[in-house]
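Q: In the numbering used here, the protein residues as written are 5 to 435. Note that the Cβ used here is the ideal one computed from N, Cα and C, for glycine as well. Bear in mind the structure is a predicted one, so any value in this text is a computation, not a measurement. Got a structure for you, questions after.
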Ligand SMILES: [Zn+2]
């Protein structure tokens, strides 16, 4: 069997080591190892392959925005070895048949593992529970259930879903958005929305649902995961729920760690640019500070991209009509470096925990989220944290271009990604 030796990589920012990969696993770590093939990694940081809990791959149904093939290529280029594919496809991933279809497409694409998320309710309709058990028992072995894009706003349905998933150690991932409070909402409710005359999206619409769901999860003794936390108040509620010992986890997106609602009014690309329109909306500087602190202290468990590709015609239109969402797979690690590492809030071990270990643990995803150690599956990302460059989406593997970072200078570059020992990315390009 052929082997690969990664020479001189700095595992989690530590001393340079060689990593020997054989038969898809880490066979040895030490100085001066040899293998059939050599990958030079001096000066590069080795991280466990990144895991995303929240990716929109758009297939089936919106292949004009993204496909499993293009989305997984984008993921590999971003350093990911596994992504959870959200259920709001067309048809919705609410049956064993659809989740198995997505799972198979991921296996064929081969650039990273695709773990389907199952819908909580039939057709994301918020009225009847989907066949959660059948999806859990399917070949895709679904463990994360979410109506993401929509909130499971009915408290009785949410309670039933939380009770149901206990049977197979599943988790309900809630998109916390009280629908009545956000009817017609266009951006964060605050000073900027007031000045621009756009309907506001109050923080309380997120916080009220999170508080209710933490109480429900505690009441039935189940696991709750909160998607894309975006406000300082949500952080306070999560801190309280965790202090009670409740089984509640949460994610934050890279964009909520870096961008604020001020960009809607004043940005390098002018005011009302829909590139900044996203759900949940960009919030205030104070919210960004609270989210960074919460990610650093563990109140927020992980970073999830909420990679949300949209074709140009859905995004480059007037603000009110534009689709909500941003792509994020190919910039996530750079944004986290900028927001969390260069600010001194996280070291590379902390990044690995929040972008690989924790998301795999929350999703109960086997074979991912393991530290780089002998015997572990060789899912490895090599990252050059020393470079800075202008974001240019023209070469992205994603089918969509709706990145809010175009033209911005960001640090870091993914140099290589290995999926079970097989390079999916080498020298920054698809292998
Ligand atoms: Zn969402």
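Just grab the DSSP bridge partners of residue 44 for me.
A: As a working note, residue 44 is residue 40 in the chain shown. Answer is 11, bridged to residue 44.
Q: In this structure, how does DSSP classify residue 175 when only helix, strand and coil are distinguished?
A: Stepping through the chain shown from its first residue, residue 175 is reached at position 171. Strand at residue 175.
Q: Should residue 394 go down as buried or exposed, given a rule of 16 or more other Cβ atoms within 10 Å for buried?
A: What you label residue 394 is simply residue 390 of the chain shown in a count that begins at 1. Answer is exposed; the Cβ neighbour count stays below 16.
Q: What's the C-alpha gap between residue 96 and residue 139?
A: Your numbering for residue 96 matches position 92 in the chain shown. Your numbering for residue 139 matches position 135 in the chain shown. In a straight line, the C-alpha of residue 96 is about 13 Å away from that of residue 139.
Q: Where do the N-terminal and C-terminal ends of the alpha helix (DSSP H) with residue 241 fall, by residue?
A: Walking along the chain shown from the start, residue 241 turns up at place 237. That run of the alpha helix (DSSP H) goes 236 to 247.
Q: Starting from the Cα of residue 14, find the closest Cα among 358, 45, 337 and 251 and give me that residue.
A: In the chain shown, residue 14 corresponds to position 10, counting from 1. The shortest C-alpha separation from residue 14 is found at 45.
Q: On the criterion of 16 or more Cβ atoms from any shown chain inside 10 Å, does residue 72 qualify as buried, or is it exposed?
A: Mapped onto the chain shown, residue 72 falls at position 68. Label assigned to residue 72: buried.
Q: With DSSP run on the structure shown, which of helix, strand or coil describes residue 74?
A: Walking along the chain shown from the start, residue 74 turns up at place 70. If DSSP states are grouped into helix, strand and coil, residue 74 belongs with the helices.
Q: What residues come near ligand 1, if near means a beta carbon less than 7 Å from any of its heavy atoms?
A: Residues flagged by the Cβ proximity filter: 152, 153, 179, 231, 232, 283 and 310.
Q: If contacts are defined as beta-carbon pairs under 8 Å, then residue 250 and residue 215 qualify, I think. What distance do you get, rounded to the angstrom?
A: Counting from one through the chain shown, the residue named residue 250 turns up at place 246. Counting from one through the chain shown, the residue named residue 215 turns up at place 211. Not quite, the Cβ-Cβ distance comes to about 12 Å (not below 8 Å), so this is no contact.
Q: So the candidates are 350, 142 and 342; which of them puts its Cα closest to the Cα of residue 439?
A: What is shown of the chain runs 5 to 435, which leaves residue 439 out entirely.
Q: If you check the beta carbons only, do residue 59 and residue 29 fall under 9 Å apart?
A: Position 55 of the chain shown, counting from 1, holds the residue named residue 59. Position 25 of the chain shown, counting from 1, holds the residue named residue 29. No, the pair does not count as a contact, with Cβ atoms beyond the cut-off.
Q: Which runs of the alpha helix (DSSP H), 4 residues or longer, sit entirely within the stretch 100 to 152?
A: Counting only runs of 4 or more, we get 100 to 113 and 136 to 141.
Q: Can you tell me which of the three DSSP states residue 217 falls into?
A: For the purposes of this step, residue 217 is identified with residue 213 of the chain shown, where counting begins at 1. Helix at residue 217.
Q: Answer with buried or exposed for residue 134, where buried requires no fewer than 16 other C-beta atoms within 10 angstroms of its C-beta.
A: Working through the chain shown from its first residue, we reach residue 134 at position 130. With 16 or more Cβ atoms within 10 Å of its Cβ, residue 134 is classed as buried.
Q: I need the straight-line Cα distance from residue 85 to residue 116, nearest angstrom please.
A: Position 81 of the chain shown holds residue 85. Position 112 of the chain shown holds residue 116. Approximately 5 Å, taken between the alpha carbons.
Q: Where does the unbroken beta strand (DSSP E) through residue 252 begin, and where does it stop?
A: Here the question's residue 252 lines up with position 248 in the chain shown. Element bounds for residue 252: 252 to 256.
Q: Below 9 Å between beta carbons: does that hold for residue 114 and residue 76?
A: What you label residue 114 is simply residue 110 of the chain shown in a count that begins at 1. What you label residue 76 is simply residue 72 of the chain shown in a count that begins at 1. Yes, the Cβ-Cβ distance between residue 114 and residue 76 is below 9 Å.
Q: Buried or exposed: where does residue 431 fall if 16 or more other Cβ atoms within 10 Å of its Cβ makes it buried?
A: If you number the chain shown from 1, residue 431 lands on position 427. With fewer than 16 Cβ atoms within 10 Å of its Cβ, residue 431 is classed as exposed.
Q: At the level of alpha carbons, what is the spacing between residue 288 and residue 210?
A: Within the chain shown, numbered from 1, the residue matching residue 288 stands at position 284. Within the chain shown, numbered from 1, the residue matching residue 210 stands at position 206. Whole-angstrom Cα-Cα distance: 15 Å.
Q: Grab the span of the alpha helix (DSSP H) containing residue 394 for me, first residue to last.
A: Sequence index remark: in the chain shown, residue 394 carries index 390 (1-based). Residue 394 -> not in any alpha helix (DSSP H); beta strand (DSSP E) instead, spanning 384 to 394.
Q: Can you grab the Cα-Cα spacing for the pair residue 275 / residue 268, in whole Å?
A: Residue mapping note: residue 275 aligns to position 271 of the chain shown, counting from 1. Residue mapping note: residue 268 aligns to position 264 of the chain shown, counting from 1. The alpha-carbon atoms of residue 275 and residue 268 are separated by roughly 5 Å.
Q: Please name the residue, chosen from 255, 192, 166 and 265, that lies closest to residue 227 on a Cα-to-Cα basis.
A: One-based indexing of the chain shown puts residue 227 at position 223. Closest option to residue 227, Cα to Cα, is 166.
Q: Hey, residue 144 and residue 106: beta-carbon distance below 9 Å or not?
A: Along the chain shown, one-based indexing puts residue 144 at 140. Along the chain shown, one-based indexing puts residue 106 at 102. In this structure, residue 106 lies closer than 9 Å to residue 144 by Cβ.
Q: For the beta strand (DSSP E) that residue 355 lies in, which residues bound it at each end?
A: Locating residue 355 in the chain shown gives position 351, counting from the first residue. Counting along the chain, residue 355 falls outside any beta strand (DSSP E), though it belongs to the alpha helix (DSSP H) covering 352 to 356.
Q: Quick one: using the 10 Å Cβ neighbour count with 16 as the cut-off for buried, is residue 347 buried or exposed?
A: Position 343 of the chain shown, counting from 1, holds the residue named residue 347. With fewer than 16 other Cβ atoms within 10 Å, it is exposed.
Q: Around the Cβ of residue 190, are there at least 16 other Cβ atoms within 10 angstroms (buried) or fewer (exposed)?
A: Within the chain shown, residue 190 is the residue found at index 186, counting from 1. Buried, since its Cβ has 16 or more Cβ neighbours within 10 Å.
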